[in-house]
Structure formats: C-alpha cells, structure tokens
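A quick write-up on the structure given underneath.
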C-alpha cells in the first residue's frame, strides 16, 4: 500500500512538472503599466506582470498578477503631455446697474456683497464710480498751509514778492519765502510811518487855514489811525512768531494793518465781510422791520430807545461787518460811533456832487459801509441807491444818528425808493 502511494505521488509529480513545462512554453511573461485621466480631474493607474497564453492561432487568453511592490520601484512613471490647466471661470452675474429709486439707501449694497465682488473687479468691465466711492469734495476753506502758498504765489505774480530761484531745494525756498515776507512786512511798517508824516502835513495845512479837508484825505486819516493802533501788536507778532501770520490773516484779520496785507488776503477779508453782511441782512430782517416801524410810527423816540432791545445793536453791527462782542452798552456805543462817521462822510459826498465822481469800487465801498448789500447791483443801480441815501439823510433831523438808523432799516426791508 505504501508502495502504491509512493508510485502515485511520483506519477503526480511527473504530471505536475510536465504541466509547468508546457505552461512555461505557452505563457510569455509581460509587465505592463496603464494609466488614465478622467474629464473631472480624477486619475487611475494599474501596474503588474501579465502572462500571454497562445494555445492556437487567432485565440489569446490573458492572465494577470498584481505585484505587491510600488510602481515607482518597477518602472518610473511617465506623465503624458497635457495642455496647461485653464483658469476656472466663475459664471456669476455681473454688477447690476443701480435703478432709479426714491431713496439712495436702497441702491447701496450691503458690506458682504461689496467684499464678495472685490475679487471680480480685475476681470469685470469698469463702471463709473458711485457717489459713495467718489472722493468727497469739501466746500470748506483749504488748509492754512495751502492758503499761505496761494497767497505767496499770487503776490509773486503781482510783483510784490520775488519768487524763489529755479532749482532751489525746499530749505532754500523756505528761507527765501521767509525773507521776502519779512521784507514785505517791514516795508509795510515803514509805510505807516510815511503815512504818519503825511497826516501831520494835512492837519497842519487845515489848521493854518489852507485848503479844506477833502473826503479822500479824511478817509486817509481815518485809515492811518486804525493802522497805528494795530502797529504795536503786529510788530510783536512778527518778532515772536512770524509763521502764525497766515493764521492771523484767516481768523483775526482785524489785527493786521492795511499796509501789511497781500492782495489775495485783502480780497479774502472783503469776501468774508460781504458774506457776513448778507447773512445778517437775511436772518435779522424781522428785527429791522420792527425798528423801521417804530421809527416811523413814533418820531419822538431817540436813538438809544431804538437800540434798547438787545438784538438790535447786534443786528446793526453784523450788517456793518463789525464785531458783535461785548456788553450791550459797548455795542450801542459802537453802533453810534459808526453812524456818526457815516454822517460826516455824507456831508463830504453832498459837497462833492453827491458822489458822482466815485469809481465803481469806491461806490461799492461807500454803500457797504452804510449796510447796503451791493450783490447783484449794477453801477447805475448803486449810484441811484447812494443818491437816495444822501437825499434822505440831508432832510432836517434833530438826531442824525437816529435818522440813519431808520434809513438802514428801510433799506433792509426794501423801502428805499
């Protein structure tokens, strides 16, 4: 039995060897590598040994065996040449044009929408910026530095100040501008001294019985006295802190003498004065209406009685473009002093053919001193208004200040015909 088992095992081994030899003759080992890429970006690959069996012509059987080793250790991977990856295009709707709505709040996008649309700004078509994205243009006056630069440039254009040399550094330009301004202010101070000598000569001539004082000379003397009062504070400002003069020009122009003002600075002061007059004439119209009604209905009232109300002196001082600060007695005194000087000026104009010789600039200045708004008036209209004022003020009146209080109020309320 054992012998039969041994013979059977030997026969089986013989058959197995024969089968393996036949298989080895019919199978041809091959090693293949397959890879593919799907349209959605995913890829797969296969690597392993393959045996090809050919029992007869025209028939092929394939058997495969997956190796346990990494494909990188067998054969290096060869990446097929592909076209470069295109940028991903996000199909989002473009910016919507704002619709005409009654409220601007409905057209303003929320912050989240603004942030999400930021990456698309490089590829989207540029549109006109909305009101929110436009730079805000300020209507207020410019900075003090820019204003000072413009004043210096305007003065150099008029030949008052020498411009800095070309190609100079900013240090040299700053030194040059400071030197030119100091020379200008020093010449203004010397000019006040020259005016002082002329005023003394005029007063000596009138005192000795010479030619009577004219309106032009009278105004020149008044201007000199104002400049002389401002001289000492101005000299102290120049010596201590010259660089604050632009601030003084903008915020406290009443501290500067008229001989130390640049042309653009004078124009700015005049514009502010006219704006103040217009504001008080419009906002205090009811007060002037009350003063005019009381002056006409009660002729026996004095100037002090008409100015007794606290708001009346403030209204007149604002219309004259003068300071409104101080207690009521100081305000009343300031109003009466101004109207007294106007009465003296009226006498000069009456003696000089009702001011027919005045130029347009002098005519405008004379009307504004009397609280008459000249905006929108032609030269002929201004002459007619001055003629009305002089005619009414020349009428007999016991108190010239009271009469001019009434005329100022009548002009504001429109009763100047």
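In UniProt numbering, the protein residues as written are 1 to 417.
Note that beta-carbon positions come from the ideal geometry of N, C-alpha and C, so glycine has one too.
Bear in mind that the values here come from a model prediction, so they are computed numbers and not experimental data.
Quick test of your reading: residue i and residue j, contact by CB under 8 Å. State the CB separation rounded to the nearest angstrom.
i, j, result
"residue 280", "residue 319", "5 Å"
"residue 346", "residue 215", "With a Cβ gap of about 10 Å, residue 346 and residue 215 do not count as contacting."
"residue 405", "residue 303", "6 Å"
"residue 357", "residue 390", "Residue 357 to residue 390, Cβ: 14 Å. No contact."
"residue 331", "residue 324", "7 Å"
"residue 363", "residue 378", "Going by Cβ atoms, the distance from residue 363 to residue 378 rounds to 11 Å, so no, they are not a contact pair."
"residue 175", "residue 238", "Not a contact, Cβ separation roughly 17 Å."
"residue 147", "residue 246", "6 Å"
Nearest CA to the CA of residue i: which residue from the options?
i, options, result
"residue 249", "270, 240, 232, 161", "270"
"residue 414", "372, 334, 274, 394", "372"
"residue 224", "244, 200, 241, 236", "200"
"residue 399", "385, 306, 266", "306"
"residue 259", "374, 283, 220, 417", "220"
"residue 266", "308, 154, 384", "154"
"residue 396", "385, 359, 343, 261", "343"
"residue 273", "365, 235, 178", "365"
"residue 412", "291, 268, 148", "291"
"residue 150", "227, 244, 263", "263"
"residue 226", "209, 208, 195", "195"
To the nearest angstrom, how far is it from the Cα of residue i to the Cα of residue j?
i, j, result
"residue 161", "residue 190", "17 Å"
"residue 408", "residue 156", "41 Å"
"residue 180", "residue 163", "9 Å"
"residue 218", "residue 205", "13 Å"
"residue 361", "residue 327", "34 Å"
"residue 213", "residue 202", "8 Å"
"residue 197", "residue 152", "30 Å"
"residue 170", "residue 159", "21 Å"
"residue 145", "residue 368", "31 Å"
"residue 387", "residue 410", "15 Å"
"residue 316", "residue 240", "36 Å"
"residue 349", "residue 193", "29 Å"
"residue 393", "residue 313", "20 Å"
"residue 138", "residue 242", "The predicted model places residue 138 with a pLDDT of 36, which falls under 50 and marks its position as unreliable; any figure quoted below should be read in that light. Cα to Cα, residue 138 sits roughly 29 Å from residue 242."
"residue 282", "residue 374", "14 Å"
"residue 134", "residue 143", "For residue 134, the pLDDT reaches just 35, beneath the cut-off of 50, and the residue's location in the model is therefore unreliable, although a value from the coordinates is still provided. Computed Cα separation, rounded: 21 Å."
"residue 211", "residue 233", "35 Å"
"residue 384", "residue 222", "26 Å"
"residue 261", "residue 231", "13 Å"
"residue 309", "residue 165", "59 Å"
"residue 235", "residue 173", "24 Å"
"residue 401", "residue 277", "20 Å"
"residue 268", "residue 311", "28 Å"
"residue 293", "residue 416", "14 Å"
"residue 351", "residue 244", "45 Å"
"residue 251", "residue 187", "23 Å"
"residue 275", "residue 329", "26 Å"
"residue 207", "residue 381", "39 Å"
So is residue i buried or exposed if we call it buried at 16+ other beta carbons inside 10 Å?
i, result
"residue 376", "exposed"
"residue 403", "buried"
"residue 182", "exposed"
"residue 62", "No answer about residue 62 holds up, because its pLDDT of 44 lies below 50 and its placement is not dependable."
"residue 492", "Any question about residue 492 goes unanswered here, given that the chain covers just 1 to 417."
"residue 167", "exposed"
"residue 178", "exposed"
"residue 100", "With a pLDDT of 41 at residue 100, under the threshold of 50, the modelled position of this residue cannot be trusted, and the question is left open."
"residue 209", "exposed"
Exercise. Is the stretch 242 to 255 touching the stretch 286 to 293, taking contact as three or more C-beta pairs under 8 Å?
Worked result: no
Exercise. Can we say the stretch 331 to 339 touches the stretch 291 to 302, given the rule of at least three CB pairs closer than 8 Å?
Worked result: no
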